[in-house]
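K.L.:
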Amino acid sequence: MKIAFITYEGSVKYTAANGFDEIQDLLPFLQSKGIDIQYEIWDNPEVDWTVYDVALLRMPWDYHQKFDEFKSWLDRIESLGIKLLNDYQIVRWNIDKHYLQQIADAGYSVIPSVFLEKDWNGEVSSLFDMLNSGQIIVKPCVSGGSRNTIKLQKESAQEDATTIRELLANGAYLAQPFMKEINEGEWSFTFFNGSYSHTILKKPKAGDFRVQQFFGGTIERIDPEQAYIDKAASYLSAFAPKTLYARVDGLMVDGKFMLMELELVEPFLYLAYHPNAPENFYQALKTQIDELEREQR
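Under the numbering used here, the first residue of the sequence shown is numbered 138, with each subsequent residue one higher.
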């Protein structure tokens, strides 16, 4: 079973921790376990995809900047009969943040969201009332790494209107209330084949709201109560039950978990923050490979 470890041609923005570099060490780790796997840049025109049985999405981190090309690539490798991890249906659903509305409509706790479709020309000031907040976050429905994510203040809404309309000329966005709980940290629960692996807490640097390391955010491992793990798992059971990897991101609001995003396409998995995490990932991948081989017999 030959596997393509899907990455991109771009700079790496995460640093190693605890003796494990997820960017550099995961592939050799899997190869050392006997997995027939090698790096491939997803949009490299020289790749012969016909030699692969499986494409493992790990770091196609520029897909949102080449969105139409990425969708065409998905169509192409699917037409070749290549298994995608996570699968095509899940990836296509998850690459656009409109999926959050489906989760909210099903009664699950989600950060309140107002979707602004391409070329929206409503009153920016109305968003603050709709979200009952004096500060809001506006971000693209197709994005990653907080790209084009901005924080707006109600008192300067008119001045920001031009910026918002310029952004919306290029695609749909969503607006959410700024949640003060972000200062206490964003919880990321990681699961492999639906089984819980580990949790990390990401905090923004003072004066910022973005938790990514490359914006100065910090990361620490935490051990949540089982009730919180079960809550995070409930989102996957309902909406992504067969995912090889999944990260459930959210905040604790009044002691209850509230979803920010399900990360099912190309999330950083923070494998360095739990000693068993790389092995957990390998075992989950091996299970999927074994199942695929049985299907092909």
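Here a beta-carbon is modelled for each residue, glycine too, at the ideal position from N, C-alpha and C.
Computed from a prediction, not measured in an experiment: that's the story for all the values here.
1) Under DSSP, the beta strand (DSSP E) around Q290 begins and ends at which residues?
2) Quick check: what's the CA-CA separation for L211 versus E292?
3) Since L422 and P415 are thought to touch, with beta carbons under 8 Å apart, how far apart are those beta carbons, to the nearest angstrom?
4) What's the C-alpha gap between W186 and M138?
5) In the DSSP output, which residue or residues are listed as bridge partners for E318?
6) Quick check: the Cα distance between E362 and V275, rounded to an integer number of angstroms?
7) Going by DSSP, name the residue or residues bridged to Y382.
8) Which value, in whole angstroms, describes the spacing of the CA atoms of E323 and F315?
9) Compare the Cα-Cα distances from V402 to each of V385, L396, V390 and M395 and report the closest residue.
10) Do I232 and F207 have their CB atoms nearer than 9 Å?
11) Round the Cβ separation of I435 and L396 to the nearest angstrom and send it over; I've been treating them as touching at under 8 Å.
12) Please classify A192 as buried or exposed, where buried requires at least 16 neighbouring CB atoms within 10 angstroms.
13) Starting from I273, trace the alpha helix (DSSP H) both ways and give me its first and last residue.
14) From E215 to T327, what does the alpha carbon distance come to, in whole angstroms?
15) Going by the beta-carbon positions, is the gap between Y200 and I219 smaller than 9 Å?
16) Kindly indicate which three-state DSSP category K423 falls into: helix, strand or coil?
17) What does a CB cutoff of less than 7 Å around N417 pick up in its chain, not counting 5 residues either side in sequence?
18) In angstroms, rounded to a whole number, what distance separates the CA positions of A309 and L164?
19) Report the rounded CA-to-CA distance for S263 versus A364, giving the unit in angstroms.
20) Using CA atoms only, rank isn't needed, just tell me which of P197, I172 and D360 is closest to N181.
21) Relative to the C-alpha of A312, which residue among Q272, E159 and F346 is closest?
22) Is the CB-CB distance between L217 and I143 below 9 Å?
23) Can you grab the Cα-Cα spacing for the pair L406 / D205, in whole Å?
24) Secondary structure at E335, three-state DSSP: helix, strand or coil?
25) Just to check my reading of the structure: K340 and G354 have Cβ atoms closer than 8 Å, yes? What is that Cβ distance to the nearest angstrom?
26) Is the beta carbon of K255 sitting closer than 9 Å to the one on A306?
P.N.:
Taking the coordinates as given:
1) Counted as a single uninterrupted DSSP element, the beta strand (DSSP E) harbouring Q290 occupies residues I287 to Q290.
2) Approximately 43 Å, taken between the alpha carbons.
3) Wrong, their Cβ atoms sit about 11 Å apart, outside the cutoff.
4) C-alpha separation (whole angstroms): 13 Å.
5) None, per the DSSP bridge assignment.
6) Taking the straight line from one Cα to the other gives about 31 Å.
7) Checking the DSSP bridge columns, you'll see Y382 partnered with F329.
8) Roughly 13 Å between the two C-alpha positions.
9) Of all alpha-carbon atoms in V385, L396, V390 and M395, the one lying nearest the alpha-carbon of V402 is that of V385.
10) The Cβ atoms of I232 and F207 lie closer than 9 Å to each other.
11) Coverage of the chain is limited to positions 138 through 434, which leaves residue 435 absent and any answer about it impossible.
12) By the Cβ-count criterion, A192 is buried, with 16 or more other Cβ atoms from all chains shown falling within 10 Å of its own Cβ.
13) From DSSP, I273 is part of no alpha helix (DSSP H) but of the beta strand (DSSP E) over Q272 to P277.
14) So the two alpha carbons sit approximately 26 Å from each other.
15) No. Outside cutoff.
16) Reduced to three states, the DSSP call for K423 is helix.
17) The answer, listed in chain order, is F329 and S334.
18) Each residue's alpha carbon lies about 35 Å from the other.
19) Straight through space, the alpha carbons of A364 and S263 are spaced by roughly 37 Å.
20) The shortest C-alpha separation from N181 is found at P197.
21) Answer by Cα proximity: Q272.
22) Contact check for L217 against I143 fails: the beta carbons are separated by 9 Å or more.
23) Going by the C-alpha atoms only, they are around 26 Å apart.
24) Note on residue identity: the sequence assigns His, not Glu, to residue 335. Under the three-state reduction of DSSP, H335 is assigned to strand.
25) So it is a contact: roughly 6 Å between Cβ atoms.
26) The Cβ-Cβ distance between K255 and A306 falls below 9 Å.
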